[in-house]
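Written out below as structure tokens is the structure these notes cover.
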Amino acid sequence: MTNRLDAFHATRFAGLTLGHLGREYPYKLDHVLTGPQDAMTPAALHPIFHGSFDWHSCVHGWWQVMRLLRLFPDIPQAAAIRERADVMLTRQKVEEEVAYLARPMAGGFERPYGWAWLLALHQELDRHAGREWATAVEPLARAFALRFHDYLPKLTYPIRHGIHTNSAFALVLAHGWAKGRDAQLAVLIEQRARDWYLGDRTSQAWEPSGDEFLSPTLMQALLMSRILPREDFVPWFDAFLPDLRSGAPETLLTPAFVSDRTDGKIAHLDGLNLSRAWCWRRIAAALPDGHIAQELGIAAADRHLAVTLPHVAGDYMGEHWLATFALLALEAGDDAA
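Take 1 as the starting number for the sequence shown in the working numbering and just add one per residue.
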């Protein structure tokens, strides 16, 4: 098993994810009932994203299979992915997903993790020439972009812990979509990142917490590598993690131990290992040749992948989402990705 994205991994991940994109139960709703009329099934509430245990996992499951389809168009699942996309990613179904956002008390629905993944999905669909998938999904992407426009100016403080509400992760994905599609949102994201993180120094990296799947420290650094030019990012990074040369903070270089993969929260730590590998590889690519973090970070990424890739499948608590983060980590090792 290699630490690069290849046809073996693509076939494995696509097979896993196709197995749960349409699996309606078990399902965890992010849904506020305002009366008995709101007690509805996942498929009734979300005609597209009612599989994969929860809405956001279904969204990034779609992102994953569509990205694999583009990168590896000859995998065995290619025809099945196209057929399912033609059936599910339609204007009518998207209209129903958009209408859900107008429901009472739906303002915080999937904020900001699901918002960001939907933008990433639309960005990926837009790369599939000759198909109507991106056009169909665009109204939903635009609806979430408007929510970012409203939310970011009033978010006084960033959310730093390494779960779904993490601000840096959402901004990484949203910024990728906004460039070339919403210049004002791209500028807003860049400004908020500077407001929140530019002055940070000497991170203690108090992680992991017991159910984190994102590294608060490395996600912040990855975001800054995206929005700062290299000549500004390098001194910021050196001040943010000044002790890397001596191997500190050690916690960022050491994979988290997962004691029970049937526990959905503890299983998050497999995702932490994969997201750290993704971050380290991307941060290393943003640094100049010879920087200490290149050698340390790439080695740390390999360690995190080695202990986690064998566990992408096995229990539904991890299987419904881990392949997406494995794809991020493996693709980050490809300079062409």
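For each residue, glycine too, the CB sits at the ideal point set by N, CA and C. Nothing here was measured: the structure is a model prediction, and the numbers come from that model.
Does the separation of the CB atoms of residue i and residue j fall below 8 angstroms?
i    : j    : result
H50  : E24  : yes
W278 : I298 : no
S209 : G162 : yes
S345 : L253 : No information on residue 345 is available, as it lies outside the stretch 1 to 337 that the chain covers here.
H9   : L330 : yes
P112 : A170 : yes
W115 : R147 : yes
F213 : H268 : yes
I266 : D211 : yes
R194 : A286 : no
H60  : W117 : yes
E110 : H56  : yes
A7   : I81  : no
M66  : A85  : yes
State the CB to CB distance for the pair residue i and residue j, rounded to an integer number of angstroms; the pair is presumed to be in contact (CB under 8 angstroms).
i    : j    : result
L223 : V172 : 5 angstroms
L361 : L188 : Since the first residue of the chain shown is 1 and the last is 337, residue 361 is not available in this structure.
R276 : L328 : Not a contact, Cβ separation roughly 11 angstroms.
S225 : F233 : 5 angstroms
T251 : A205 : 5 angstroms
A145 : L185 : 6 angstroms
H31  : S52  : Rounded, the Cβ-Cβ distance is 16 angstroms, inconsistent with contact.
Give me, in chain order, the residues of the same chain whose beta-carbon lies closer than 8 angstroms to that of residue i; leave out the 5 immediate sequence neighbours on both sides.
i    : result
A221 : F237, F240, L241, C279 and I283
K28  : F53 and D54
P104 : V32 and T34
L296 : L244, G247 and L253
A106 : V32 and Y100
D321 : This sequence places Trp at residue 321; Asp is not what is there. Excluding residues within five positions, the ones whose Cβ falls inside 8 angstroms are S52, F53, S57, H60, G61 and G271.
K179 : A186
S259 : I266
P341 : Residue numbering for the chain in the displayed model covers 1 to 337; residue 341 lies beyond these limits and cannot be assessed.
Kindly list the residues whose CB is nearer than 7 angstroms to the CB of residue i, restricted to its own chain and excluding five residues on each side of it in sequence; keep chain order.
i    : result
A323 : F13, L16, T17, Q64 and V312
N3   : D302, L305, L330 and G333
I292 : L244 and R245
A361 : Since the first residue shown for the chain is 1 and the last is 337, residue 361 is missing from the structure and cannot be characterised.
E207 : G162, S215, P216, T217 and T251
Going along the chain, which residues of its own chain have a beta-carbon closer than 6 angstroms to the beta-carbon of residue i, five neighbours each way excluded?
i    : result
R303 : P255
P47  : K93 and E96
A120 : W63 and L173
A143 : V98 and L101
P158 : S167 and W196
G264 : M317
P249 : A205
W177 : L119 and Q123
H164 : Y113
Q294 : A284 and L287
R192 : L152
G22  : G51
A300 : L253 and W280
So which of the options has the shortest CA-CA distance to residue i?
i    : options                   : result
G314 : R261, F325, L330 and E331 : R261
P310 : L274, L69 and L296        : L274
P288 : P235, W321, V258 and P249 : P235
E319 : R181, K179, D270 and A178 : D270
E190 : H164, H149, A85 and T165  : H149
F257 : L69, T308 and H291        : T308
A129 : Q294, L69 and T11         : L69
G108 : A293, M66 and L155        : L155
P73  : P36, T11 and E207         : T11
On the three-pair Cβ rule with 8 angstroms, is the stretch 75-91 touching the stretch 32-41?
-> no
Is the stretch 112-126 in contact with the stretch 135-153, if contact means three or more CB pairs nearer than 8 angstroms?
-> yes
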